[in-house]
């Protein structure tokens with residue numbers, strides 16, 4: 021009768037313990053923390069780029085802002101004496117496609133919640149000073165003009181430059197950035213809804229888009245309704261009352277290549293058209309294409 025022997029254990033080495041629920045949670049938390057840290061670093065870097073750009077404009081650099089501080093929201097500016105502020109607020113509310121308001125300053129304050137420490141009188145590359153509905157001058161520092169009224173109210177309005185980074189990330193060329201010039205803008209025959217003493221026509225910006233990518237460009241921009249959203253017109257410019265694309269009312273002309281279609285978006289220069297049409301006694305605006313760069317990521321306005 022043989023003696024009982026204990027079964028031999030396999031010598032394959034120690035087996036890894038199965039991951040428990042606790043270890044899985046720890047692993048997932050570490051992954052989330054790593055991703056959040058990377059996202060935060062990228063965000064802080066983008067904010068730093070926006071602040072650096074504003075600093076250069078404050079020191080006198082004059083250049084269009086398309087393509088500057090990619091990923092950060094850009095805004096149009098119009099500042100009016102308080103007596104005209106309600107009229108414009110109502111005008112913007114009635115025409116949200118062209119005048120989507122991102123922020124309104126307190127009367128007399130040149131600051132905004134969209135960029136800590138920024139000064140709306142100095143941190144835009146080029147300003148326009150309007151008197152009785154006519155362009156009086158363009159300046160790189162609006163401090164002196166701003167001081168003419170101690171109750172100026174500033175409105176920051178969404179700008180289509182904001183969704184140009186997503187267009188580029190999708191592989192859709194933005195021609196004026198490629199060419200290093202200003203975006204072309206045109207006055208149209210589309211009247212805005214009047215409000216109080218303000219009336220005028222819509223202004224549009226134009227970007228040539230390959231015909232087979234127009235739907236995609238429309239969908240991408242449509243996800244940013246606070247910065248004009250989807251196009252207001254595609255194709256034939258004559259339907260907007262635009263007779264010659266090579267002669268924009270604001271900005272620079274760009275080439276349209278074979279197979280491309282002109283696509284038109286509502287533009288934040290629309291308030292300047294209202295200033296001209298309504299004979300507003302005094303206003304300060306950005307110069308078309310020379311925007312205010314905020315500290316707000318463009319993803320904030322993505323829906």
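In the working numbering, the protein residues as written are 21 to 323. Beta carbons are placed, not taken as given, at the ideal position from N, Cα and C, and that holds for glycine.
(request) Could you say which of 91, 274 and 130 lies nearest to residue 66 if we only look at CA atoms? (result) Residue 66 sits at position 46 when you count from the first residue of the chain shown. Among 91, 274 and 130, the Cα nearest to that of residue 66 belongs to 91.
(request) Determine, using beta carbons only, whether residue 245 and residue 284 come nearer to each other than 8 angstroms. (result) Sequence index remark: in the chain shown, residue 245 carries index 225 (1-based). Sequence index remark: in the chain shown, residue 284 carries index 264 (1-based). Not closer than 8 angstroms, so no.
(message) Classify residue 216: buried if its beta carbon has 16 or more other beta carbons within 10 angstroms, exposed otherwise.
(response) If you number the chain shown from 1, residue 216 lands on position 196. Burial call: exposed.
(message) The beta strand (DSSP E) that contains residue 191, what's its start and end?
(response) The count along the chain shown starts at 1 and reaches residue 191 at position 171. Neither: residue 191 is in no beta strand (DSSP E) and is coded neither H nor E.
(request) Just the C-alpha distance for residue 145 and residue 81, rounded to the nearest angstrom, thanks. (result) In the chain shown, counting from the first residue as 1, residue 145 sits at position 125. In the chain shown, counting from the first residue as 1, residue 81 sits at position 61. Looking at the two C-alpha atoms, the distance is approximately 6 angstroms.
(request) Return the CA-CA distance between residue 321 and residue 139, expressed in angstroms with no decimal places. (result) Numbered from 1 along the chain shown, position 301 holds the residue referred to as residue 321. Numbered from 1 along the chain shown, position 119 holds the residue referred to as residue 139. Cα to Cα, residue 321 sits roughly 23 angstroms from residue 139.
(request) Reducing DSSP to helix, strand and coil, say where residue 174 ends up. (result) Stepping through the chain shown from its first residue, residue 174 is reached at position 154. It is a strand residue.
(request) Give the single residue among 301, 68, 192 and 223 whose Cα lies nearest to the Cα of residue 172. (result) To locate residue 172, count along the chain shown from 1; it is residue 152. It is 301 whose Cα lies nearest to the Cα of residue 172.
(request) Have a look at residue 290 and residue 224 and give me their C-alpha separation to the nearest angstrom. (result) If you number the chain shown from 1, residue 290 lands on position 270. If you number the chain shown from 1, residue 224 lands on position 204. One C-alpha to the other measures close to 8 angstroms.
(request) Classify residue 106 as buried or exposed, calling it buried when 16 or more other Cβ atoms lie within 10 Å of its own Cβ. (result) If you number the chain shown from 1, residue 106 lands on position 86. Exposed, because fewer than 16 other Cβ atoms sit within 10 Å of the Cβ of residue 106.
(request) Take residue 156 and list the residues in its own chain whose beta-carbon comes closer than 7 angstroms to its own, dropping the five residues that flank it on each side. (result) The residue given as residue 156 occupies position 136 in the chain shown. Around residue 156: 149 and 150.
(request) Kindly provide the ranges of any beta strand (DSSP E) runs that are 3 or more residues long and lie completely inside the stretch 120 to 175, ordered along the chain. (result) 121 to 124, 147 to 151 and 154 to 159
(message) residue 308 and residue 205 - do their beta-carbons sit closer together than 8 angstroms?
(response) On the chain shown, position 185 is the one that residue 205 refers to. On the chain shown, position 288 is the one that residue 308 refers to. Result yes, Cβ atoms of residue 205 and residue 308 sit closer than 8 angstroms.
(message) Among the candidates 218, 231, 240 and 208, whose CA atom is the shortest distance from the CA of residue 189?
(response) To locate residue 189, count along the chain shown from 1; it is residue 169. Among 218, 231, 240 and 208, the Cα nearest to that of residue 189 is on 240.
(message) One question on the structure: do residue 228 and residue 282 come within less than 8 angstroms of each other, judged by their Cβ atoms?
(response) On the chain shown, residue 228 is found 208 positions in, with the first residue counted as 1. On the chain shown, residue 282 is found 262 positions in, with the first residue counted as 1. Yes, these two residues count as a Cβ contact at 8 angstroms.
(request) Specify whether the stretch 265 to 282 and the stretch 162 to 182 touch according to this definition: at least 3 beta carbon pairs, one from each stretch, less than 8 angstroms apart. (result) no
(message) In the DSSP assignment, the beta strand (DSSP E) including residue 291 goes from what residue to what residue?
(response) If you number the chain shown from 1, residue 291 lands on position 271. It is not in any beta strand (DSSP E) - residue 291 instead sits in the alpha helix (DSSP H) that spans 290 to 298.
(request) Can you give me the start and stop residues for the beta strand (DSSP E) that residue 247 sits inside? (result) Reading the chain shown from its first residue, position 227 is the one you call residue 247. Run containing residue 247: none; DSSP gives neither H nor E here.
(message) Can you tell me whether residue 72 is buried or exposed? The criterion is at least 16 other CB atoms within 10 Å of its CB, across all chains shown.
(response) Mapped onto the chain shown, residue 72 falls at position 52. Exposed, because fewer than 16 other Cβ atoms sit within 10 Å of the Cβ of residue 72.
(message) If I measure Cβ to Cβ from residue 109 and keep anything under 8 angstroms in the same chain, skipping five residues before and after, which residues do I get?
(response) To locate residue 109, count along the chain shown from 1; it is residue 89. So the list reads 121, 124 and 175, once near-sequence residues are dropped.
(message) Check for me: the alpha helix (DSSP H) holding residue 110 runs from which residue to which?
(response) Along the chain shown, one-based indexing puts residue 110 at 90. Here the alpha helix (DSSP H) through residue 110 covers 102 to 114.
(request) Take residue 257 and list the residues in its own chain whose beta-carbon comes closer than 7 angstroms to its own, dropping the five residues that flank it on each side. (result) What you label residue 257 is simply residue 237 of the chain shown in a count that begins at 1. These residues qualify, in order along the chain: 265 and 282.
(message) On the criterion of 16 or more Cβ atoms from any shown chain inside 10 Å, does residue 163 qualify as buried, or is it exposed?
(response) For the purposes of this step, residue 163 is taken as residue 143 along the chain shown, with counting starting at 1. Per the 10 Å Cβ criterion, exposed.
(request) Check residue 321 in the structure and name its three-state DSSP category. (result) Residue mapping note: residue 321 aligns to position 301 of the chain shown, counting from 1. Correct three-state label for residue 321: helix.
(message) Using only the alpha-carbon positions, how far apart do residue 183 and residue 101 sit?
(response) Sequence index remark: in the chain shown, residue 183 carries index 163 (1-based). Sequence index remark: in the chain shown, residue 101 carries index 81 (1-based). Distance between the alpha carbons of residue 183 and residue 101 is about 31 angstroms.
(request) Could you give the DSSP three-state label for residue 223: helix, strand or coil? (result) Numbered from its first residue, the chain shown carries residue 223 at position 203. Correct three-state label for residue 223: strand.
(request) Whole angstroms is fine: what's the gap from residue 132's alpha carbon to residue 126's? (result) The sequence position of residue 132 within the chain shown is 112, counting from 1. The sequence position of residue 126 within the chain shown is 106, counting from 1. The alpha-carbon atoms of residue 132 and residue 126 are separated by roughly 9 angstroms.
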